Amino acid sequence: MKEKQEVKESKVSSKRSLSEMYDKYYKIALIIPIIILILSIGYLFNFAQQNGDIIKKDISLTGGTSIQVNAKADINELKSALNNKFNDVSISYISDILTGEQVAVIIETRAQPDEIVPEIEKYFGFKLDSKNSSIEFTGSTIGEGFYQQLMLAVFFAFLFMGTVVFFIFSSNKKIKYLLILLSLIPPILFFFTKSISLTQAFILSGIVLLISIYFYIRYSIPSMAVVFAAFADIVMTVTLVDLMGMEVSTAGIVAFLMLIGYSVDTDILLTTRVLKHKGESVNRRILSSFKTGITMTLTALAVVVIGLILTSSFSDVLSQIFTILTIGLLFDIPNTWLTNASMVKWYVTHKKLD
17 MKEKQEVKES
27 KVSSKRSLSE
37 MYDKYYKIAL
47 IIPIIILILS
57 IGYLFNFAQQ
67 NGDIIKKDIS
77 LTGGTSIQVN
87 AKADINELKS
97 ALNNKFNDVS
107 ISYISDILTG
117 EQVAVIIETR
127 AQPDEIVPEI
137 EKYFGFKLDS
147 KNSSIEFTGS
157 TIGEGFYQQL
167 MLAVFFAFLF
177 MGTVVFFIFS
187 SNKKIKYLLI
197 LLSLIPPILF
207 FFTKSISLTQ
217 AFILSGIVLL
227 ISIYFYIRYS
237 IPSMAVVFAA
247 FADIVMTVTL
257 VDLMGMEVST
267 AGIVAFLMLI
277 GYSVDTDILL
287 TTRVLKHKGE
297 SVNRRILSSF
307 KTGITMTLTA
317 LAVVVIGLIL
327 TSSFSDVLSQ
337 IFTILTIGLL
347 FDIPNTWLTN
357 ASMVKWYVTH
367 KKLD
């Protein structure tokens, strides 16, 4: 009985010391992800200066030709043969999910179909037709226009996400409804009335976002913390995608849209419990949120990684989506439990809401 009591007292003492350590160093922990974010923004700025954009786009966003040939080929040999005449050739293969055997190759280039097809036929030794291949061509104007609309959709999604978060955590009803109204204006004017151009939509959305950020800081710091953590997730993920040399497709942009939703669920869980659950210490509320939130994130991560493993051999589209989600979910862990948790604890302590 005495031994059990000693064990219990030891656990209580250990928890108390961890809590005291967290109280002492949580502001320092906040610095780590902020430094990573600053470095990421610096890298993306330099990347954009050199490449004209913050991501490297594939032909679905820049325009070009994609050809799938249902035959086996040595990838390096084929690439070497085509690189003699085309400098921007990208080649991947599709394999059987059960046997792992190669069943087709995919060739992507910014060249016109009538330029690249003869060279492919020369290499394989047969004519390409609808039975042994498929050819897709996207014009550069269409591809660039599609890319700009997708980026605008990401911008709108982030704006709406911030508005919803502010609606949840702010107590000022007038500002809540004002922000909802403001966030609806750009998409309504662009998508439904067609009364503004793409450039005007970006400018108007930027103005609305700046107004929103002002209200976040003025009326709801916890909302700002959630939005900041989500922003950090996206920026860090884009940076690592660029470092990996990945050419982002339309599917990749969709993955970033999905990531906005994935990145705020644990942030909202954490902020809600810390602000609205009374009767226990802030650290205990954060710990309770962490247990639930990390379980959610690791479960989602496990599913996404399994999806990545299963699709990597036969679908570049799905593989890219799962890769981006995996990276984003990994970055979400420090951005939620170091950045957001520290900011919310700081806010609650400063306002004496604990």
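For the sequence shown, my numbering gives the first residue as 17, with consecutive numbering after it.
All C-beta atoms, glycine included, are put in the ideal place defined by N, C-alpha and C.
Remember, predicted model here, so these are calculated numbers, not experimental data.
The DSSP assignment places 80-85 and 106-111 as complete runs of the beta strand (DSSP E) inside the segment 29-116, in order along the chain (cut-off: 3 residues).
Bridge partners of Phe153 according to DSSP: Thr81. The segment 253-268 and the segment 58-76 touch, with no fewer than 3 CB-CB distances between them shorter than 8 Å. The closest CA to that of Thr315, considering only Asp332, Arg300, Arg289 and Thr282, is found on Thr282. The continuous beta strand (DSSP E) containing Ala120 extends over residues Gln118 to Thr125. Taking every protein chain shown into account, the CB of Gly141 has fewer than 16 other CB atoms within 10 angstroms, so this residue is exposed. Ile122 sits close to Ile110, with the two beta carbons spaced by under 8 Å. Nearest to Ser187 by C-alpha distance, out of Ile223, Phe208, Lys292 and Leu317, is Lys292. Taking a C-beta distance under 8 Å as the contact criterion, Ile83 and Ile47 do not qualify as a contact pair. Proximity to Glu124 across Leu205, Asn103 and Val321 peaks at Asn103, based on C-alpha coordinates. At a Cβ-Cβ threshold of 8 Å, Leu94 and Tyr139 count as neighbours. In this structure, DSSP gives Glu160 a helical state, which the three-state scheme calls helix. DSSP places Glu135 in the helix class (H, G or I) of the three-state scheme. DSSP lists Lys73 as the bridge partner or partners of Val264. Under the 8 Å Cβ criterion, the segment 249-257 does not count as touching the segment 194-211, having fewer than three qualifying pairs.
Cα atoms of Arg126 and Thr154: separation of roughly 9 Å, rounded to the nearest angstrom. Contact between the segment 155-171 and the segment 179-193 is absent, with fewer than three C-beta pairs closer than 8 Å. About 5 Å separates the CB atoms of Leu354 and Pro49; that is less than 8 Å, so the two are in contact.
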